[in-house]
Amino acid sequence: VARPEPPASVGPLARGAYSAVLLRSSSAARALAGFAGPDGVPAGTLVLGAGPTTSATARALGLDVVECTATDPTALAVEVAAALGAPGPSGGAADELGPEHPSRRADIAGSAFLRAARGERPERTPVWFMRQAGRSLPEYRAAREGTTMLESCLTPALAAELTLQPVRRYGVDAAILYSDIMVPLGLAGVGVDIVPGVGPVLDRPVRTEADVDALPALTDEALEPIREAVRLAVAELGATPLIGFAGAPYTVASYLVEGGPSRGHERTRALMHERPEVFARLLDRVAELDIAFLRAQVLAGASAVQLFDSWVGELAEDDYLAHVQPASGRVLRAMGRLGVPRIHFGTGTAALLRAMRDAGADVMGVARDLTLSRADELLGGATPLQGNLDPALLSGPLADLDAALARILEEGRRAPAHIVNLAHGVPKDADPQVLARIVDAVHAGPHRKEGH
């Protein structure tokens, strides 16, 4: 049987001439998959599906698709424009950062952290710590006394104070907003509590199509405490950039499906394989929350973002590519359109490092299952790295810590750029003096010079 001639639009599509493709029907999805083939939709081309049926068909055909829910032409145009970060038909300005944004200030734009995140080689190696604002600090414990985790995150003055504490104490090169990956769910109205000693616990799990459809949307008004916390922190940070963050779709979805912490996330992986269309819709919904949450932080003054995917390392690469990368990529692309550096991090992700980078990361966080040298090799020597001092070393002999830090600094100098961090969060029993020792050692050098 003769294969029909492809439409003329397929050629420019394959060459990357289109920034987006809108599929209006399942037949259009089948045509795109058939004519373009697996390599016909270049990275960076956004594929949008009009409605759940078209989107489900496109996903089943292996296309990375963003579902549009509007039905009338004007509303659909607005939704497509929002997905592209472009002006809508009303003529409103694109939601981009203006010249007054902190990241455009010379002192912040030229900071060691942002220069390294852009792949440049600053005069000194930057350092900050995941979970640097936490129970290891006595001032944190005093400020948090009598408040729950979620209350602390949603009280702007307190969240800003907790964000600032490690910058004051250690002189780290970046602050990260004090928050939690469950905050967007709580802001949207999902019943969630962070139980001390347990972790996030949901009122009811999300395991069916009806459960996914019942998830509430995150309103702009609900995000005001986050914006205010960012504004307060940025006003005090001076030349130190602020990182916004969110939990990646897979990790947040795993809590929704399991109903709380789980050792193996078997229900989550079972849903992924047994009802892939429901799983995809769930990750799309979480991606929407992530985008709104991160945009609020960036537009209020954050100069970079980090997307945490704590549990994604339990997946095989083919499962990640088919079921998870599309949603993570959607979040990272949206942040890319805002023009801020994007850091992506997960634990146990040695086999996924390239795929996670290809989702749209500018900087890859490296956990302790890889050396920085091996990570640099896997990424083709083309991606700035963040990490990766083992947190367990913080409580061991100082000689071992110093030797490991020296090795990490040496390996980092061979990468395009390097931001020193831990391979996971700061343990609650870490000695602040040991963290201060790390910051002082990193700042003391030796450092990589321009052109070397």
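Letter 312 of the sequence shown, counting from 1, is numbered 312 in UniProt numbering, and no numbers are missing. Cβ coordinates follow ideal geometry from the N, Cα and C atoms, glycine included.
Hey, out of the options, whose CA is closest to residue i's CA?
| i | options | result |
| --- | --- | --- |
| L23 | T347, R207 and T54 | T54 |
| A304 | D211, A327, A322 and V234 | V234 |
| G51 | E228, R281 and P138 | R281 |
| R330 | A406, R30 and T45 | T45 |
| A327 | G348, L435 and E277 | E277 |
| P216 | E288, P196 and T163 | E288 |
| G425 | P416, D440 and G387 | G387 |
| A382 | S111, G119, T57 and C68 | G119 |
| residue 466 | V190, L299 and A222 | Past the edges of the chain, shown from 1 to 452, lies residue 466, and the structure says nothing about it. |
| P166 | E139, R30 and S26 | E139 |
| L162 | S25, A56, A133 and K428 | A133 |
| V66 | V420, L379, L393 and A20 | A20 |
| E224 | D211, R267, T155 and P200 | T155 |
| A350 | R333, G98 and L378 | L378 |
| P200 | A159, M149 and G238 | M149 |
| L405 | I438, P384 and A415 | I438 |
| V340 | F279, V298 and G98 | V298 |
| P102 | A160, G34 and L237 | L237 |
| G197 | E100, D213, T251 and G260 | G260 |
| R275 | V286, A210 and A33 | A210 |
| A214 | A222, R227, A188 and E221 | A188 |
| V286 | Y320, H443, V183 and E221 | V183 |
| A415 | P384, G348, E151 and Y255 | P384 |
Expressed to the nearest angstrom, what Euclidean distance is found between the alpha-carbon atoms of residue i and residue j?
| i | j | result |
| --- | --- | --- |
| T240 | C153 | 21 Å |
| E314 | A270 | 13 Å |
| T219 | R121 | 40 Å |
| S262 | G186 | 20 Å |
| F245 | L307 | 6 Å |
| L422 | D402 | 14 Å |
| Y178 | A229 | 9 Å |
| P249 | Q433 | 35 Å |
| G62 | A322 | 7 Å |
| V312 | V363 | 17 Å |
| L389 | L370 | 11 Å |
| A361 | D290 | 15 Å |
| I243 | L338 | 14 Å |
| V324 | R131 | 25 Å |
| A56 | L232 | 42 Å |
| M335 | S111 | 20 Å |
| I194 | A31 | 46 Å |
| I176 | E96 | 21 Å |
| D107 | E123 | 14 Å |
| L435 | A392 | 12 Å |
| V127 | A58 | 42 Å |
| H418 | A117 | 8 Å |
| F113 | F129 | 12 Å |
| P427 | G396 | 13 Å |
| E100 | L294 | 19 Å |
| T268 | D64 | 20 Å |
| S25 | A60 | 14 Å |
| L164 | G34 | 53 Å |
| R374 | R354 | 12 Å |
Applying the criterion that 16 or more other CB atoms from any shown protein chain within 10 Å of the CB defines a buried residue, is residue i buried or exposed?
| i | result |
| --- | --- |
| T125 | buried |
| L398 | exposed |
| R168 | exposed |
| R115 | buried |
| R104 | exposed |
| T273 | Looking at the sequence itself, residue 273 is His, so the reference to Thr does not match. With fewer than 16 Cβ atoms within 10 Å of its Cβ, H273 is classed as exposed. |
| residue 461 | No information on residue 461 is available, as it lies outside the stretch 1 to 452 that the chain covers here. |
| G47 | Correcting the residue identity first, residue 47 is Val in this sequence and not Gly. Counting Cβ neighbours within 10 Å, V47 comes out buried, since at least 16 surround it. |
| G49 | buried |
| R204 | exposed |
| A367 | buried |
| S27 | exposed |
| G445 | exposed |
| G264 | exposed |
| S136 | buried |
| G301 | buried |
| V192 | buried |
| D400 | exposed |
| S90 | The pLDDT assigned to S90 is 35, lower than 50, so where the model puts this residue is not dependable, and the model offers no usable value. |
| G380 | exposed |
Would you mind giving the Cβ-Cβ distance between residue i and residue j, rounded to the nearest angstrom? I have them listed as a contact below 8 Å.
| i | j | result |
| --- | --- | --- |
| V172 | R207 | The pair is not a contact, with the Cβ atoms about 40 Å apart (cut-off 8 Å). |
| G346 | D376 | No, G346 and D376 are not in contact; Cβ-Cβ is about 17 Å, not under 8 Å. |
| G247 | I181 | 3 Å |
| A430 | L372 | Going by Cβ atoms, the distance from A430 to L372 rounds to 21 Å, so no, they are not a contact pair. |
| E317 | L352 | 6 Å |
| A292 | L332 | A292 to L332, Cβ: 15 Å. No contact. |
Hey, is residue i's beta-carbon within less than 7 Å of any beta-carbon in chain B?
| i | result |
| --- | --- |
| E277 | The chain inventory of the structure shown lacks chain B, comprising one protein chain alone. |
Using 6 Å as the cut-off, classify the Cβ of residue i as near or not near the heavy atoms of the ligand FAD, replying yes or no.
| i | result |
| --- | --- |
| H424 | In the structure shown, the ligand FAD is absent, as is every other ligand, since no ligand is present at all. |
Evaluate contact between the region 137 to 153 and the region 404 to 417, counting only Cβ atoms and requiring at least three cross-stretch pairs below 8 Å.
no
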